[in-house]
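K.L.:
The structure's right below; bear with me while I get my questions together.
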Amino acid sequence: MYGGNDGGASQFAGGGFMPSPAGAGGTVVSPTQRKGEKRNESLTPLTVRQLHEGLNGVGLDDTIRVDGEDINNLTLVGKIVGEQESSTSINYKIDDGTGQVDVRYWLEDSDADAPKEFSMGDYVRVFGHLRSFQNQRNIVAFSMRPVKDYNEVTFHFVEVVYVHLHNTKGQGATPGSVKHETPKAPPANYMNSSATADTDMGNTSGLANDCQEAVSKIFNSPQAQQNDQGIPIDQVVQELGRKYSAEQIKNAVEFMVNEGHLYSTIDDQHFKSTAF
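Using this note's numbering, the letters of the sequence shown correspond one by one to residues 1 to 276.
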């Protein structure tokens with residue numbers, strides 16, 4: 001499922017410009033997550049090489065550990081060098097010059113007759129997380145978008161180095177404070193769950209209950225879009241406390257994080273919508 005380098009750097013006009021973080025390697029065995037242990041939901045930029053090395057030595061689960069940090073939500077940038085389509089999903093092979101990885105992109109029912117959004121040779125940014133599927137591990141994308149400016153490829157690798165230095169040297173801002181634009185929401189049948197809100201503010205289709213819809217509207221409001229640090233969960237409780245209990249609101253936020261609607265930013269109490 002995960003390829004090696006396979007000459008991947010040649011796909012990027014020589015590929016020599018991108019760095020390879022020195023601290024990403026090594027065999028790291030990630031412990032099984034214990035009950036009550038909070039997962040890191042920050043959106044972390046990675047290279048395919050970091051992904052391979054973060055998986056080295058772990059079992060067949062959803063665990064990635066890079067630079068001593070457990071990774072759940074990730075983003076990577078690369079070139080489509082292979083694709084395999086089925087009635088429900090497209091499996092893309094992405095090459096970023098450090099290696100290749102398979103990315104599963106679930107299709108919505110409305111996509112059946114629509115023209116294909118991505119083609120062979122396109123550069124794309126992928127937002128997703130690692131999942132085990134039919135005894136194989138791949139990246140399940142909750143959003144993909146085309147890269148229209150090649151500077152974004154360079155920027156991504158600079159960002160990877162920045163986060164690597166932060167995690168290994170303790171410098172700079174928190175990785176979760178990195179802002180990404182994700183204009184398309186997860187497909188409706190992604191991981192057999194409901195679709196998340198798309199980029200239209202206030203779209204709450206696919207959420208399980210009224211509390212989740214109310215929480216989604218707050219995180220997709222114009223004020224939330226302008227706040228790079230995200231919205232603190234206490235503020236959401238304060239705004240919705242007359243109608244819902246704090247436990248209901250926190251459960252709604254946790255559900256939306258797990259489904260890819262939200263990600264944490266400066267700490268595990270501040271969250272931002274993946275629609276921005």
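Backbone N, C-alpha and C fix where the C-beta goes; we use that ideal spot for every residue, glycine too. Values in this document were obtained by computation on a predicted structure and should not be read as measured data.
1) Taking the alpha carbon of residue 148 as the point to measure from, which residue in 53, 141 and 118 has its own alpha carbon closest?
2) At which residues does the beta strand (DSSP E) containing residue 78 begin and terminate?
3) When the distance is taken between beta carbons, is residue 77 closer than 8 Å to residue 95?
4) Looking only at C-alpha atoms, which of 272, 88, 165 and 101 sits nearest to residue 130?
5) Using the three-state DSSP reduction, which class does residue 259 fall into: helix, strand or coil?
6) Excluding five sequence neighbours on each side, which residues of the same chain lie with their C-beta closer than 6 Å to the C-beta of residue 123?
7) Between residue 47 and residue 215, how many whole angstroms is the CB-CB distance? I'm expecting something under 8 Å.
8) Between the Cα of residue 142 and the Cα atoms of 273, 260, 272 and 271, which residue gives the shortest distance?
9) Using CA atoms only, rank isn't needed, just tell me which of 222, 140, 68 and 270 is closest to residue 90.
10) What would DSSP say about residue 49, mapped onto helix, strand or coil?
11) How is the alpha helix (DSSP H) around residue 215 delimited, first residue to last?
12) To the nearest angstrom, report how far apart residue 217 and residue 49 are at their CA atoms.
13) Per DSSP, which one or two residues make a beta bridge with residue 126?
14) Could you tell me whether the Cβ atoms of residue 271 and residue 264 are closer together than 8 Å?
15) In or out: residue 45 buried (at least 16 other Cβ within 10 Å) or exposed?
16) Can residue 237 and residue 224 be called in contact, C-beta distance under 8 Å?
17) Give the secondary structure of residue 116 by DSSP, where H, G and I count as helix, E and B as strand, and everything else as coil.
18) Is residue 274 helix, strand or coil when you go by DSSP?
19) In three-state terms, what does DSSP make of residue 251?
20) Per DSSP, which one or two residues make a beta bridge with residue 65?
P.N.:
Taking the structure as given:
1) 118
2) 73-85
3) no
4) 101
5) coil
6) 79 and 147
7) About 33 Å separates the two Cβ atoms, so there is no contact after all.
8) 260
9) 140
10) helix
11) 210-219
12) 37 Å
13) 76 and 144
14) yes
15) buried
16) no
17) coil
18) coil
19) helix
20) 70
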